[in-house]
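The opening residue of the sequence shown carries number 9 in our numbering; numbering runs sequentially from there.
Structure record follows, encoded as structure tokens.
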Amino acid sequence: MPGTGNGSPPPPGPLQFPGGLDAGAFLAGYWQRRPLLLRRALPGFASPLSAEELAGLACEEGVEARLVLERCGSRPWEVRHGPFAEEELAALPEDHWTLLVQDVDKHLPEVGRWREAFRFLPDWRADDIMVSYAADGGSVGPHLDEYDVFLIQAEGRRRWLIDPEPASAADFVPGLDLRILAEFQARETHLLTPGDVLYLPPGVPHWGIAEGPCMTWSMGFRAPTWSELSVAWCEHAAEHGLPAGRYRDPGIRPQADAGEILPEVLATVRETLRRGLEQVSAEAFGEWFGRFVTESKEHLEVFPRPDPTTPPELRKRIAGARGLVRNGFSRMAFARVGAGDHMLFVNGEAHELPARHGDFLSLLTAETALPRESLAPWLTKPACLNLLCRLYNEGHYELQR
Ligand code: SIN
Ligand code: CO
Numbered sequence: 009m010p011g012t013g014n015g016s017p018p019p020p021g022p023l024q025f026p027g028g029l030d031a032g033a034f035l036a037g038y039w040q041r042r043p044l045l046l047r048r049a050l051p052g053f054a055s056p057l058s059a060e061e062l063a064g065l066a067c068e069e070g071v072e073a074r075l076v077l078e079r080c081g082s083r084p085w086e087v088r089h090g091p092f093a094e095e096e097l098a099a100l101p102e103d104h105w106t107l108l109v110q111d112v113d114k115h116l117p118e119v120g121r122w123r124e125a126f127r128f129l130p131d132w133r134a135d136d137i138m139v140s141y142a143a144d145g146g147s148v149g150p151h152l153d154e155y156d157v158f159l160i161q162a163e164g165r166r167r168w169l170i171d172p173e174p175a176s177a178a179d180f181v182p183g184l185d186l187r188i189l190a191e192f193q194a195r196e197t198h199l200l201t202p203g204d205v206l207y208l209p210p211g212v213p214h215w216g217i218a219e220g221p222c223m224t225w226s227m228g229f230r231a232p233t234w235s236e237l238s239v240a241w242c243e244h245a246a247e248h249g250l251p252a253g254r255y256r257d258p259g260i261r262p263q264a265d266a267g268e269i270l271p272e273v274l275a276t277v278r279e280t281l282r283r284g285l286e287q288v289s290a291e292a293f294g295e296w297f298g299r300f301v302t303e304s305k306e307h308l309e310v311f312p313r314p315d316p317t318t319p320p321e322l323r324k325r326i327a328g329a330r331g332l333v334r335n336g337f338s339r340m341a342f343a344r345v346g347a348g349d350h351m352l353f354v355n356g357e358a359h360e361l362p363a364r365h366g367d368f369l370s371l372l373t374a375e376t377a378l379p380r381e382s383l384a385p386w387l388t389k390p391a392c393l394n395l396l397c398r399l400y401n402e403g404h405y406e407l408q409r
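Shown next as structure tokens:
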């Protein structure tokens with residue numbers, strides 16, 4: 009449980025930037041622009057996860073895992089998808105393969121707690137911590153990613169070859185399971201050892217090769233494409249902003265050329281759609297966006313409790329426990345969408361809370377473990393207790409005994 013006493017380690021401190029930089033200067037000068045190497049950037053970091061534990065996770069149902077075999081599979085750069093059988097992992101050769109597991113932060117709280125170091129960026133932008141274990145020489149080849157990533161060296165050593173200029177277009181080697189760059193020129197190389205972090209913006213060609221067995225964590229950030237956003241927004245606006253019913257023919261006259269779509273038809277349709285999309289209020293827009301960006305991956309579903317409880321009963325239970333702890337699969341953010349109400353978004357659902365309780369939403373989203381003492385002042389406010397009870401019954405919280 010992250011930093012809640014009883015011998016648990018203190019919460020991770022913020023990411024340590026190299027000389028003279030702070031989070032603001034990093035965001036202004038490097039974020040989404042240029043790579044940055046951060047040596048010893050996570051004080052106190054020691055991987056809480058062994059290669060065996062990662063392999064165990066990769067064998068579980070509901071865990072997204074891949075194996076990349078550079079030259080020891082049935083074809084070059086073969087990709088196999090989990091869940092794996094233990095025997096398959098045990099039969100891997102000495103070198104040139106990588107096991108990659110997504111969302112380890114959600115499956116293992118002791119990994120998830122390290123997300124705290126990156127909270128100078130908003131939670132809604134964060135995606136997951138992917139953990140990879142590579143045998144000597146293992147890599148996923150020269151490639152580029154569409155997302156920002158902090159590559160954390162967790163164990164062993166990995167040499168990163170990078171071309172710091174983001175590529176605007178790239179050719180890939182045809183016929184492979186992976187998108188391997190057809191051309192890659194390393195202009196910088198960095199050897200990372202435990203606790204070192206390499207930040208890469210989207211589109212920067214890179215190639216990380218294990219020097220001996222090693223483990224790397226990738227703290228990745230989500231960024232929806234404008235086309236994904238506009239499809240989702242139009243769907244929402246269609247339900248909430250556009251007039252009901254169908255296209256009609258105002259002012260229609262006999263048409264000389266029945267084959268033509270008249271300019272006034274195009275203008276009417278365009279204007280109606282434009283007005284419809286604009287008519288959605290700022291509150292409704294905020295609600296849609298918050299729901300959209302907190303949606304979780306399908307296989308990371310949170311299930312409601314089979315034994316729902318009442319707000320007064322939950323209050324009693326919390327009083328007799330250490331507090332509450334958030335389900336690792338619950339993705340949260342809040343927004344001050346209107347003067348009267350604030351909104352909490354949890355896995356694509358929106359919950360309103362009167363603005364005067366705004367700090368309660370800060371508390372819920374800031375901490376994954378909520379000690380009973382921090383919760384106590386809020387539990388006397390019915391709106392806060394009811395919201396917490398709803399989240400508890402939906403499976404987003406467990407009692408911490
Ligand atoms: C890895 O961890 O092996 C690959 C990470 C990356 O290159 O994005
Ligand atoms: Co990459």
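From the three backbone atoms N, C-alpha and C, an ideal C-beta is built for every residue, glycine too.
Only a predicted model underlies this, so the values are computations on that prediction, with no experimental measurement involved.
Cβ-based neighbour list, R380, same chain, cut-off 6 Å, excluding 5 preceding and 5 following:
The residues are I326, G331.
Within 8 Å, strictly: CB atoms of I137 and D171:
For I137 and D171, no; Cβs fall outside 8 Å.
Excluding the five sequence neighbours on either side, which residues of its own chain have a C-beta within less than 7 Å of the C-beta of E115, listed in chain order?
Per the sequence presented here, residue 115 reads as His, with Glu not at that position. If we look at H115 and ignore the five residues flanking it on each side, its Cβ neighbours are L65, V71, G336.
Buried versus exposed call for G183 [16 or more other C-beta atoms within 10 Å across all chains shown]
G183 is exposed by the Cβ-count criterion.
Mind checking whether the beta-carbon of T197 lies closer than 7 Å to any heavy atom of ligand 1?
Checking every heavy atom of ligand 1 against the Cβ of T197, none is found closer than 7 Å.
So D204 packs on G145, CB below 8 Å; how close in whole Å?
The C-beta distance from D204 to G145 rounds to 20 Å, too long to fall under 8 Å, and the pair is not in contact.
Quick one: give me the first and last residue of the alpha helix (DSSP H) that W241 is part of.
Boundaries of the alpha helix (DSSP H) around W241: 234-248.
Burial state of Q161, where buried means 16 or more other Cβ atoms lie within 10 Å:
Q161 should be labelled buried.
Check whether the Cβ of D153 lies closer than 7 Å to any heavy atom of ligand 2, and answer yes or no.
It does: the Cβ of D153 is within 7 Å (strictly closer) of some heavy atom of ligand 2.
A162 CB to nearest heavy atom of ligand 1 below 7 Å:
No; taking the cut-off as 7 Å, the Cβ of A162 has no heavy atom of ligand 1 nearer than that.
At which residues does the beta strand (DSSP E) containing L75 begin and terminate?
In the DSSP assignment, L75 falls within the unbroken beta strand (DSSP E) covering 73-77.
Could you give the DSSP three-state label for C222: helix, strand or coil?
In this structure, C222 counts as strand in the three-state DSSP scheme.
Relative to the C-alpha of L308, which residue among L50, E61, P56, E69 is closest?
Among L50, E61, P56, E69, the Cα nearest to that of L308 is on E69.
Using 7 Å as the cut-off, classify the Cβ of T106 as near or not near the heavy atoms of ligand 1, replying yes or no.
Yes, the beta carbon of T106 sits closer than 7 Å to at least one heavy atom of ligand 1.
Can you name the start and end residues of the beta strand (DSSP E) that Y400 belongs to?
Segment 390-401 is the alpha helix (DSSP H) holding Y400; no beta strand (DSSP E) there.
Quick one: what does DSSP say G146 is sitting in, helix, strand or coil?
Per DSSP, reduced to three states, the secondary structure at G146 is coil, with no helix or strand assignment.
DSSP has V333 in a bridge; who is on the other side?
Looking at the DSSP output, V333 bridges to A377, E406.
In whole angstroms, what is the alpha-carbon distance linking V157 and P43?
Whole-angstrom Cα-Cα distance: 10 Å.
I want to know whether the region 237-254 touches the region 281-288 - three or more CB-CB distances under 8 Å.
In the pairwise beta carbon analysis, the region 237-254 is classified as touching the region 281-288: at least three pairs are separated by under 8 Å.
Report the option in A31, P130, L129, L206 whose CA atom is closest to the CA atom of R166.
Of all alpha-carbon atoms in A31, P130, L129, L206, the one lying nearest the alpha-carbon of R166 is that of L206.
Is the region 115-124 close to the region 182-197, with three or more CB pairs under 8 Å?
The region 115-124, when compared against the region 182-197, does not touch it at the 8 Å Cβ threshold.
Proximity below 8 Å, CB of Q24 to CB of P56:
The Cβ-Cβ distance between Q24 and P56 does not fall below 8 Å.
Could you tell me the alpha carbon to alpha carbon distance between Y255 and L270, rounded to whole angstroms?
Going from the Cα of Y255 to the Cα of L270 covers about 15 Å.
Should R230 be labelled buried (16 or more other beta-carbon atoms within 10 Å of its own) or exposed?
R230 comes out exposed.
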